[in-house]
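Student: Okay, here's the structure, questions in a sec.
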Amino acid sequence: MTTPILPVLIVDDELVNRDMLSRRLEKRGYPSVLAASGQEALDTLAGQPVSAVLLDVQMPGMSGLDVLRIIRERWAPAELPVLMVTAKDQSEDVVTALDLGANDYITKPIDFPVVMARLRTQLALKDAEARVRASEERYALAAKGANDGLWDWDLAAQRLHYSERWKAIVGCADSEVGTDPDEWFGRVHADDLQRLRHDLDAHLSGGVPLFENEHRIRHTSGAFRWVLARGMVVRNGAGTPVRMAGSQSDITDSKVVDGLTGLPNRMLLHDRLERVLAQHVQEGTGGCAVLMLDLDDFKLVNEAHSQTCGDQLLLAVARRLEGSLRATDGVARPGPAGPDEYTVARLGGDEFVILLPHVRESFDAMRVAERVQRALARPFPIDAREIFATVSIGITLSGGDPATTPDDLLRDAGTAMGCAKTMGKGRIEMFDVGMREKVVERLRLETALRLGLERDEFLPYFQPLVDLETGHLAGFEALIRWRQPDGSVLSPGVFVPLIEANGLLLPIGRKFVAEVCRQIRVWRDAYPLGAPVSVNVNFASSQFAEEGVLAALLATIAEHGLRPADIVIEITESAAIGNIDRAAETLRQFREAGLRVVLDDFGTGYSSLSCLHELPISGLKLDRSFIARERRHPAILHAVVMLAEQLGLTVTAEGIETEAQYQEARAQGCGYAQGYLFSRPLDAEAAGALVHERKVWSFDLAQEPAA
Numbered sequence: 041m042t043t044p045i046l047p048v049l050i051v052d053d054e055l056v057n058r059d060m061l062s063r064r065l066e067k068r069g070y071p072s073v074l075a076a077s078g079q080e081a082l083d084t085l086a087g088q089p090v091s092a093v094l095l096d097v098q099m100p101g102m103s104g105l106d107v108l109r110i111i112r113e114r115w116a117p118a119e120l121p122v123l124m125v126t127a128k129d130q131s132e133d134v135v136t137a138l139d140l141g142a143n144d145y146i147t148k149p150i151d152f153p154v155v156m157a158r159l160r161t162q163l164a165l166k167d168a169e170a171r172v173r174a175s176e177e178r179y180a181l182a183a184k185g186a187n188d189g190l191w192d193w194d195l196a197a198q199r200l201h202y203s204e205r206w207k208a209i210v211g212c213a214d215s216e217v218g219t220d221p222d223e224w225f226g227r228v229h230a231d232d233l234q235r236l237r238h239d240l241d242a243h244l245s246g247g248v249p250l251f252e253n254e255h256r257i258r259h260t261s262g263a264f265r266w267v268l269a270r271g272m273v274v275r276n277g278a279g280t281p282v283r284m285a286g287s288q289s290d291i292t293d294s295k296v297v298d299g300l301t302g303l304p305n306r307m308l309l310h311d312r313l314e315r316v317l318a319q320h321v322q323e324g325t326g327g328c329a330v331l332m333l334d335l336d337d338f339k340l341v342n343e344a345h346s347q348t349c350g351d352q353l354l355l356a357v358a359r360r361l362e363g364s365l366r367a368t369d370g371v372a373r374p375g376p377a378g379p380d381e382y383t384v385a386r387l388g389g390d391e392f393v394i395l396l397p398h399v400r401e402s403f404d405a406m407r408v409a410e411r412v413q414r415a416l417a418r419p420f421p422i423d424a425r426e427i428f429a430t431v432s433i434g435i436t437l438s439g440g441d442p443a444t445t446p447d448d449l450l451r452d453a454g455t456a457m458g459c460a461k462t463m464g465k466g467r468i469e470m471f472d473v474g475m476r477e478k479v480v481e482r483l484r485l486e487t488a489l490r491l492g493l494e495r496d497e498f499l500p501y502f503q504p505l506v507d508l509e510t511g512h513l514a515g516f517e518a519l520i521r522w523r524q525p526d527g528s529v530l531s532p533g534v535f536v537p538l539i540e541a542n543g544l545l546l547p548i549g550r551k552f553v554a555e556v557c558r559q560i561r562v563w564r565d566a567y568p569l570g571a572p573v574s575v576n577v578n579f580a581s582s583q584f585a586e587e588g589v590l591a592a593l594l595a596t597i598a599e600h601g602l603r604p605a606d607i608v609i610e611i612t613e614s615a616a617i618g619n620i621d622r623a624a625e626t627l628r629q630f631r632e633a634g635l636r637v638v639l640d641d642f643g644t645g646y647s648s649l650s651c652l653h654e655l656p657i658s659g660l661k662l663d664r665s666f667i668a669r670e671r672r673h674p675a676i677l678h679a680v681v682m683l684a685e686q687l688g689l690t691v692t693a694e695g696i697e698t699e700a701q702y703q704e705a706r707a708q709g710c711g712y713a714q715g716y717l718f719s720r721p722l723d724a725e726a727a728g729a730l731v732h733e734r735k736v737w738s739f740d741l742a743q744e745p746a747a
């Protein structure tokens, strides 16, 4: 027993008794207060709390029994223990005291160990009862104030006690639900009952420490409510379950309603789709339409303003969607249409779905989609600003096929919506089977891409760069190819857009650069007297802007025993000029490290000639349109070459396919060229042969493009 915080009240008219008991209690760690009479004792109790009372029966004036009567009018025995002190021959006083509510008695002459034993017992009982009372009060308050229903299951007797709130969740009054477990299990949806029993058994058997299950339970109205049941078992000394208690929460709103907009969520939409499809099959009527909507560039709203602003926009879109629809959108349903002719749901993020339950023709669904787009085209007033939103819409029709499932419709509508976004956003697309085939093929290709990265299936092909003055091999441009497991090789146009879209460009790019460096090392070791070539490697804007790109590139070059001058980086105009200050600083760091950078496809991007002097680059690669006479005047080529020469930049002409193009590029002063006139992109072995023979191209005779 820990030392009581409250003192023990000692009531005795004899000073020696009071003093003796007080000193001995103090030595045991029990503080005390003293009273010489009954009235003094009552005054003390009125002024301060005590843990117990040692009360002498025989006192002049007000006796101990009189004091006990008054104490019990205010305090119960469990609240304030009273131990009567009496002589051994006063048994009648003991009986009277116990009848009046005394907790125990002590006889004179006082045996102090007995006093201590009985006092500790009463204080322990008081403490235990106080804890029980507090627990019961907390339970009663919790049960009364909680939104959850409580249940208590006597497993041996198979009786379940349900709180009033539990009964209210299923729509019953307190007297309408008994104690049979079937009051619970008999109301559970048939599809959920087996899983509920499985989870209960798993907890009762000790397989899981806590019982938790979500299921549907039938309301007295006939509808089903979603509830979350939790509980924990109590076991006896042998480990046998004897009791289980827990709670039941109504989670219907969070389960089927979107928290932001209040619209039906995916689960409720799925249920409604199921009912609509079943109705069409049963009645042999037409079909339904599902419209999936996605706000275009919604992410920009959050980034430009705030997420709160984005949420307000979603809420405004939800309200406008509801306002743009009407009951007559169920065009094929005979008779008057009710307010449930359509469903607007939010799937999450910025995706919404409209279910038109009775639509026979695609024209009807298209008409609704167009009206929705017109409604959403008006600006949304949010936070004292006007925000515009466009929406891409995909449509699919069920057609009354009994095999069609809600998941099929949502998938196909999503596929059509994705196609609408791909084709330019703000569009409406009707689903067809060809769309699904493209999606399946894209998914197959994405999976193969990730496997290809793991298996090192991406390799460089090398297209020669030729010195126009001497005809010598000056270097190569490394072009990525994908070697399939069956040996076929795919060109970048097939897979590079997917690489960029799936975040694989950076890891594949790093491996590609390492493979180029490895191949240069192989050529150097195999052909020490071969042509001294460098290799150009293309960097996309994301690679160019990657944190630590220069350090990683230099480490790769050094790992293969090469010099920075052995690698030339090609970047596009858009990557360089899009953020010219940042690009200029990065390019300066590249140049200081000994790396050369050339501007690729010059003339297809911004063509900002005024920015060229701000960029620390080594050269330009002219787009093939500069060479094609029918698309660009020769004077433009001449002007660009002259400007590059004044800026100290090399000029490489791309796309040289005929001798005439070669002659013009050379005549206009281009220093280098590449194209099919010299060679198509070659694998590493064929490119190595050009290095070995120190290839020189003769420009005196017309040549056909190499095979």
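First residue of the sequence shown? That's 41 in the numbering used here, and the numbers climb one at a time after it. Glycine is no exception: its CB is placed at the ideal position from the N, C-alpha and C atoms. Small disclaimer: the values here were computed from a predicted structure and weren't measured.
I need the straight-line Cα distance from residue 261 to residue 447, nearest angstrom please.
Tutor: Near 29 Å, if we compare the C-alpha coordinates of residue 447 and residue 261.
Student: Which of helix, strand or coil does DSSP assign to residue 523?
Tutor: In the structure shown, residue 523 sits in a strand (DSSP, three-state: E or B).
Student: From this set, 270, 582 and 256, which residue's C-alpha is nearest residue 229's C-alpha?
Tutor: Nearest of 270, 582 and 256 to residue 229, Cα basis: 256.
Student: If you follow the beta strand (DSSP E) that residue 475 is part of, which residue opens it and which one closes it?
Tutor: Residue 475 -> not in any beta strand (DSSP E); alpha helix (DSSP H) instead, spanning 473 to 494.
Student: Is it true that the CB of residue 326 sits closer than 8 Å to the CB of residue 398?
Tutor: Cβ atoms of residue 398 and residue 326: closer than 8 Å.
Student: By the three-class DSSP mapping on this structure, what secondary structure does residue 515 have?
Tutor: DSSP places residue 515 in strand when its eight states are reduced to three.
Student: Could you compute how far the alpha carbon of residue 550 sits from the alpha carbon of residue 494?
Tutor: Their backbone Cα atoms lie some 13 Å apart in a straight line.
Student: For residue 386, count the other beta carbons within 10 Å of its own beta carbon; 16 or more makes it buried, fewer makes it exposed. Which is it?
Tutor: Label assigned to residue 386: buried.
Student: So, do the stretch 428 to 440 and the stretch 404 to 419 have three or more beta carbon pairs nearer to each other than 8 Å?
Tutor: Output reads yes: the stretch 404 to 419 touches the stretch 428 to 440.
Student: Of the residues 608, 270 and 505, which one's Cα is nearest the Cα of residue 253?
Tutor: The shortest C-alpha separation from residue 253 is found at 270.
Student: Does residue 288 pass the burial test, meaning 16 or more other C-beta atoms within 10 Å, or should it be called exposed?
Tutor: Residue 288 should be labelled buried.
Student: Given a threshold of 16 other Cβ atoms within 10 Å of its Cβ, counted over all protein chains shown, does residue 250 qualify as buried or as exposed?
Tutor: It is exposed - the Cβ of residue 250 has fewer than 16 other Cβ atoms within 10 Å.
Student: Do you know offhand how far residue 620's Cα is from residue 626's?
Tutor: Whole-angstrom Cα-Cα distance: 10 Å.
Student: Do residue 676 and residue 666 come within 8 Å of each other at the CB atom, strictly closer than that value?
Tutor: Cβ atoms of residue 666 and residue 676: closer than 8 Å.
Student: For a test of the three-state rule: what should DSSP assign to residue 286, helix, strand or coil?
Tutor: Three-state DSSP puts residue 286 in a strand.
Student: Alpha helix (DSSP H) containing residue 106: first to last residue?
Tutor: Per DSSP, residue 106 belongs to the alpha helix (DSSP H) from 104 to 114.
Student: Mind checking who residue 191 pairs with in its DSSP beta bridge?
Tutor: The partner list for residue 191 (beta bridge, DSSP) reads 202 and 286.
Student: Below 8 Å on the Cβ atoms is my contact criterion, and I expect residue 194 with residue 275 to pass it. Report the Cβ-Cβ distance as a whole number of Å.
Tutor: Actually they do not touch by this definition, with Cβ atoms about 14 Å apart.
Student: Residue range of the beta strand (DSSP E) that residue 266 falls in?
Tutor: Unbroken beta strand (DSSP E) run through residue 266: 264 to 275.
Student: Apply the 10 Å Cβ neighbour rule to residue 604 and answer buried if 16 or more other Cβ atoms are within range, or exposed otherwise.
Tutor: It counts as buried.
Student: Might you give, ordered along the chain, the residues of its own chain that have their beta carbon closer than 6 Å to the beta carbon of residue 469, omitting 5 neighbours on each side?
Tutor: Only 434, 456, 459 and 460 meet the Cβ criterion.
Student: Report the rounded CA-to-CA distance for residue 291 versus residue 340, giving the unit in angstroms.
Tutor: One C-alpha to the other measures close to 33 Å.
Student: Mind reading off the beta-carbon distance from residue 259 to residue 211? Whole number of angstroms is fine, and I expect it under 8 Å.
Tutor: About 5 Å; that satisfies the 8 Å criterion.
Student: Measuring only the C-alpha atoms, how far is residue 463 from residue 338?
Tutor: Distance between the alpha carbons of residue 463 and residue 338 is about 17 Å.
Student: Quick one: give me the first and last residue of the alpha helix (DSSP H) that residue 295 is part of.
Tutor: Residue 295 -> alpha helix (DSSP H) spans 292 to 296.
Student: Mind listing, in chain order, the continuous beta strand (DSSP E) runs of no fewer than 3 residues lying wholly within the stretch 557 to 629?
Tutor: Segments of the beta strand (DSSP E) lying fully in the stretch 557 to 629: 574 to 578 and 607 to 612.
Student: Return the bridge partner residues of residue 434 from the DSSP annotation.
Tutor: Note: residue 434 sits in a beta bridge opposite 332 and 469.
Student: Is it true that the CB of residue 535 sits closer than 8 Å to the CB of residue 489?
Tutor: Yes, the pair counts as a contact, with Cβ atoms nearer than the cut-off.
Student: Give every residue of the same chain whose Cβ lies closer than 6 Å to the Cβ of residue 89, excluding the five residues on either side of it in the sequence, and list them in chain order.
Tutor: Hits under 6 Å: 46.
Student: What first and last residue would you give for the alpha helix (DSSP H) that runs through residue 702?
Tutor: From DSSP, the alpha helix (DSSP H) with residue 702 extends over 699 to 707.
Student: Out of 298, 436 and 107, which has the shortest C-alpha to C-alpha gap to residue 759?
Tutor: Because the chain spans 41 through 747 in this model, residue 759 falls outside it and cannot be assessed.
Student: Helix, strand or coil: how does DSSP classify residue 62 here?
Tutor: Reduced to three states, the DSSP call for residue 62 is helix.
Student: Could you tell me how far apart the beta carbons of residue 568 and residue 719 are, in whole angstroms, since I believe they sit closer than 8 Å?
Tutor: Not quite, the Cβ-Cβ distance comes to about 23 Å (not below 8 Å), so this is no contact.
Student: Which of helix, strand or coil does DSSP assign to residue 713?
Tutor: Strand, per DSSP.
Student: So for residue 504, helix, strand or coil by DSSP?
Tutor: Of the three classes helix, strand and coil, the one that applies to residue 504 here is strand, per DSSP.
Student: Grouping DSSP H, G and I as helix and E and B as strand, with all else coil, what is residue 658?
Tutor: Residue state, collapsed to three classes: coil.
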